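Single-structure report; data block below.
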Amino acid sequence: MKETRKITLEEIQLPIAGKIRSYEEYIASILHSDNRYVASITDYILSNRGKQLRPLLVLLSAALHGEVADRSYMGASLVEMIHTASLIHDDVVDEAYVRRSAPSVNALWHSRTAVLIGDYIFARTYHVSLQNGGWDMLTEVTRSIHEVCEGELIQTEQTEKLAMTEAIYYDIIYKKTASLLGACAAVGAISVGAPADRVAALRQFGDHLGIAFQIKDDILDYSPMEVTGKPAGGDMRERKITLPLLRLLDQSAPERRRKLVAKLSDVRNSPKNVDYLCKAVLDSDGIAYARQCMTEYRNRALAFLEGYPESDVLRSLHLFADFVLSRDK
Numbered sequence: 001m002k003e004t005r006k007i008t009l010e011e012i013q014l015p016i017a018g019k020i021r022s023y024e025e026y027i028a029s030i031l032h033s034d035n036r037y038v039a040s041i042t043d044y045i046l047s048n049r050g051k052q053l054r055p056l057l058v059l060l061s062a063a064l065h066g067e068v069a070d071r072s073y074m075g076a077s078l079v080e081m082i083h084t085a086s087l088i089h090d091d092v093v094d095e096a097y098v099r100r101s102a103p104s105v106n107a108l109w110h111s112r113t114a115v116l117i118g119d120y121i122f123a124r125t126y127h128v129s130l131q132n133g134g135w136d137m138l139t140e141v142t143r144s145i146h147e148v149c150e151g152e153l154i155q156t157e158q159t160e161k162l163a164m165t166e167a168i169y170y171d172i173i174y175k176k177t178a179s180l181l182g183a184c185a186a187v188g189a190i191s192v193g194a195p196a197d198r199v200a201a202l203r204q205f206g207d208h209l210g211i212a213f214q215i216k217d218d219i220l221d222y223s224p225m226e227v228t229g230k231p232a233g234g235d236m237r238e239r240k241i242t243l244p245l246l247r248l249l250d251q252s253a254p255e256r257r258r259k260l261v262a263k264l265s266d267v268r269n270s271p272k273n274v275d276y277l278c279k280a281v282l283d284s285d286g287i288a289y290a291r292q293c294m295t296e297y298r299n300r301a302l303a304f305l306e307g308y309p310e311s312d313v314l315r316s317l318h319l320f321a322d323f324v325l326s327r328d329k
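Using the UniProt record's numbering, read the sequence shown as starting at 1 and increasing by one per residue.
Here you go:
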């Protein structure tokens with residue numbers, strides 16, 4: 001697939017545009033607080049939520065099986081708020097003070113408050129889900145949370161060992177990224193009472209698309225700052241071996257591989273090593289190989305939609321998959 005045509009989120013949202021507005025009202029009601037201090041933080045969070053790809057996937061998955069229901073808004077809010085809370089906690093752990101080109105919660109209210117507001121969002125989301133009979137959707141999402149945490153732990157170990165293989169890489173990105181997109185697609189189907197085989201197909205669609213999504217992120221890490229808004233080589237600065245670099249390492253002779261790994265192991269003391277490694281990857285077939293793998297997983301994802309009749313919603317899911325590959329940030 002050639003990444004040529006620019007796909008917009010508005011184009012993807014078109015069949016469910018009115019439902020997006022209802023979802024926005026629902027999620028705002030979940031996070032409403034009469035306390036002005038808490039409300040000031042949650043209002044800030046609601047105004048800085050990014051592209052909203054995960055709730056969009058929930059609503060499209062629901063619409064694919066019929067009319068979007070109130071439970072669909074609950075499911076979309078569930079995945080978005082859990083994702084948001086995890087990012088707030090990530091920023092505390094990483095001591096990151098910018099999120100989506102704006103100050104992070106911990107930058108504005110300090111780490112203690114950020115941890116507490118993340119916990120508040122988790123608790124509020126679970127409470128609303130359970131109060132409204134969302135056991136089935138909560139079960140789906142908490143399974144993915146377990147996977148995300150395990151993936152983070154495996155990656156933490158790998159940044160110390162620097163002994164990545166493709167099998168370990170795919171295990172990490174399935175757990176860290178793909179499992180939640182799989183849950184999003186499954187939750188949408190569950191919310192409107194889709195049969196078990198359809199729920200399973202949508203989960204597989206999200207799982208495979210989530211892998212393509214993460215590979216795209218790994219490719220974007222080699223793009224210049226003027227494109228992504230972030231300096232290139234961010235993963236390397238954290239000693240993370242992603243697919244483009246892994247391809248370079250696997251294709252290198254033993255002596256050169258040892259030199260590259262030595263450069264990576266010392267990036268915290270020698271920042272220039274990041275530039276060296278980025279250039280080495282860009283001079284190799286690492287990016288092209290990653291693009292090939294990304295496209296393959298996108299195609300595998302779309303294969304799970306083949307049993308559905310043509311519709312505007314199905315077209316939007318195809319566009320959603322294409323957007324994952326064509327985005328530049």
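Positions of the beta carbon are idealized from the N, C-alpha and C atoms, including for glycine. Since the model is a prediction, treat every value here as computed from it, not as a measurement.
Secondary-structure assignment with DSSP links Val98 through a beta bridge to Pro103. In the DSSP assignment, Asn299 falls within the alpha helix (DSSP H) that extends over Gly286 to Ala303.
Judged by pairs of C-beta atoms under 8 angstroms, the region 162-182 touches the region 146-153, as three or more such pairs exist.
For Ile121 against Thr84, the beta-carbon gap comes to about 6 angstroms, under 8 angstroms, which counts as contact. Runs of the alpha helix (DSSP H) lying entirely within the region 27-66 and spanning at least 4 residues, in chain order: 36-46 and 53-64. Annotation for Ser284: Leu248 place their beta carbon closer than 6 angstroms to its own, counting only its chain and skipping 5 residues before and after. Judged by pairs of C-beta atoms under 8 angstroms, the region 186-200 does not touch the region 259-278, as fewer than three such pairs exist.
In the three-state scheme derived from DSSP, where H, G and I count as helix and E and B as strand, Thr165 is classed as coil.
Unbroken alpha helix (DSSP H) runs of no fewer than 4 residues, entirely contained in the region 133-206, are found at 135-161, 166-173 and 179-191, following chain order. A direct Cα-Cα distance of roughly 31 angstroms separates Ser223 from Leu59. In the DSSP assignment, Pro254 falls within the unbroken alpha helix (DSSP H) covering Pro254 to Ser265. Leu325 places its beta carbon 8 angstroms or farther from that of Leu317. In the DSSP annotation of this structure, the continuous segment of the alpha helix (DSSP H) that includes Tyr276 starts and ends at Lys272 to Leu282.
The count of Cβ pairs closer than 8 angstroms, one atom from the region 18-30 and one from the region 75-82, reaches three, so the stretches are in contact. Cβ contact annotation for Asn132 (same chain, cutoff 7 angstroms, sequence separation greater than five): Met74, in chain order.
Around Ala107, the same chain offers Tyr97 as residues with beta carbons nearer than 6 angstroms, after the five sequence neighbours per side are excluded. Ranked by Cα distance from Lys230, the first of Ser101, Ile41 and Arg49 is Ser101. By alpha-carbon distance to Glu166, the top candidate from Glu226, Val68, Arg327 and Ala290 is Ala290.
Nearest to Lys259 by C-alpha distance, out of Leu243, Pro244 and Ala280, is Ala280. Within its own chain, the residues whose Cβ lies closer than 8 angstroms to the Cβ of Gln214, once the five positions on either side in sequence are excluded, are Ile173, Lys176, Thr177 and Ala178, listed in chain order. Around the beta-carbon of Gln13, 16 or more other beta-carbon atoms lie within 10 Å, marking it buried.
Thr242 places its beta carbon 8 angstroms or farther from that of Asp250. Each residue's CA atom was taken as its position, placing Thr295 and Asp218 some 14 angstroms apart. Sequence-distant partners of Ser111 (beyond 5 residues in either direction) whose C-beta falls short of 7 angstroms from its own C-beta, in its chain, are Val92. For Leu209 against Ala301, the beta-carbon gap comes to about 4 angstroms, under 8 angstroms, which counts as contact. Contact annotation, Ser191 with Arg71: C-beta distance approximately 4 angstroms; criterion of less than 8 angstroms satisfied. Distance from the CA atom of Arg256 to the CA atom of Leu277, rounded to whole angstroms, is 12 angstroms. A check of alpha carbon separations from Lys19 across Ala163, Ala62 and Tyr44 identifies Ala62 as the nearest.
By alpha-carbon distance to Ala163, the top candidate from Gly50, Ile7, Leu264 and Tyr297 is Leu264.
Rounded to whole angstroms, Ala123 and Thr42 show a C-alpha spacing of 14 angstroms. In terms of Cα proximity to Glu10, the closest of Ser311, Ile168 and Phe323 is Phe323.
In the displayed model, Thr8 falls within coil according to three-state DSSP, outside both helix and strand.
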